[in-house]
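A quick write-up on the structure given underneath.
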Amino acid sequence: MWYLVDAKNKILGRLVSKIAFILIGKNKFNYLPYVDNSDYIILINASKILVTGNKLKNKRYYFHSGYVGNMKSITLGDMLKKSPEFIIRHAIKGMLPKNILSNKKIKKLKIYSGNSYKEHAQKPVLINF
C-alpha cells in the first residue's frame with residue numbers, strides 16, 4: 002500500500018517517528034521483525050518542516066572524508082535550505098532497526114521538497130498525522 006504524507010507545518014521528530022513506525026511494519030497485524038512487509042511512503046513538502054527550540058542554529062551534521070583534519074559540519078538551518086530530503090532520511094534511518102532489512106525499508110521512502118510527486122499511478126492514500 003502507498004501512503005502520502007504532507008510535512009507542511011509538522012514537527013520533525015514527531016512526524017519521523019510515525020513514518021518509521023509504518024516503514025518498520027508495526028502498523029500491520031502480521032508484523033515479524035525478520036520479514037519486510039512494510040508499506041511505501043511518499044512525503045511531500047519536506048522543506049516546510051518545523052523544529053522546536055534553537056535546533057536550527059545549534060544542531061549540527063558532521064561529515065568526514067577519512068583524511069586527517071577534514072571534518073566538515075553544517076547546521077540544521079543551512080541543511081534545510083540545501084537538502085531537506087537528507088534531514089528527514091537521516092532521522093528516519095536512525096530510527097529503523099539496525100539489520101539487513103533496514104536498507105530495503107529506507108528505499109520504500111520517497112521524499113520530495115515540493116508539493117508535486119511522480120507516483121500518481123500508485124494512488125496513494127493521504128495520511129494526516
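Going by the numbering used here, the letters in the sequence shown line up with residues 2 to 130, in that order. Using N, Cα and C, we set each Cβ at its ideal position, and we do this for glycine too. Model, not experiment: these values are computed from the prediction.
Check your understanding: Can you tell me the Cα-Cα spacing of G78 and H121, whole angstroms?
Key -> Here residue 78 corresponds to residue number 77 of the sequence shown, with the count starting at 1. Here residue 121 corresponds to residue number 120 of the sequence shown, with the count starting at 1. The straight-line gap from Cα to Cα measures roughly 31 angstroms.
Check your understanding: Taking C-beta to C-beta, are L5 and I20 nearer than 9 angstroms?
Key -> Taking the sequence shown and counting its residues from 1, one reaches residue 5 at position 4. Taking the sequence shown and counting its residues from 1, one reaches residue 20 at position 19. Contact flag unset, no.
Point to revise | Integer-rounded CB distance, given that K109 should sit under 8 angstroms from S18 | key: The sequence position of residue 18 within the sequence shown is 17, counting from 1. The sequence position of residue 109 within the sequence shown is 108, counting from 1. Incorrect: roughly 17 angstroms between the Cβ atoms, too far for contact.
Review point. What number of angstroms, rounded off, separates the C-alpha of T53 from the C-alpha of I12?
Key: The residue given as residue 53 occupies position 52 in the sequence shown. The residue given as residue 12 occupies position 11 in the sequence shown. Near 7 angstroms, if we compare the C-alpha coordinates of I12 and T53.
Review point. For K119, which of helix, strand or coil comes out of DSSP?
Key: Your numbering for residue 119 matches position 118 in the sequence shown. K119 falls in the coil class under three-state DSSP.
Review point. Thinking just about the alpha-carbon of each residue, which of S117, G70 and A92 is nearest to the one in I107?
Key: Within the sequence shown, residue 107 is the residue found at index 106, counting from 1. The candidate whose alpha carbon is nearest that of I107 is A92.
Review point. Is S114 closer than 9 angstroms to D48 when the C-beta atoms are compared?
Key: Looking up residue 48 in the sequence shown gives position 47. Looking up residue 114 in the sequence shown gives position 113. The sequence shown places Ser at residue 48, rather than the Asp named in the question. Against a cut-off of 9 angstroms, the Cβ pair of S114 and S48 comes out as a contact.
Exercise for review: Compute the beta-carbon to beta-carbon distance between L24 and I42, rounded to the nearest angstrom, for a pair I have assumed lies under 8 angstroms.
Suggested key: Along the sequence shown, one-based indexing puts residue 24 at 23. Along the sequence shown, one-based indexing puts residue 42 at 41. Right, the Cβ-Cβ distance comes to about 7 angstroms (below 8 angstroms), so this counts as a contact.
**Study point:** Top-ranked residue by Cα proximity to S74, from N116, P85 and K60
**Key:** Within the sequence shown, numbered from 1, the residue matching residue 74 stands at position 73. Comparing Cα-Cα distances from S74 to each of N116, P85 and K60, the minimum goes to K60.
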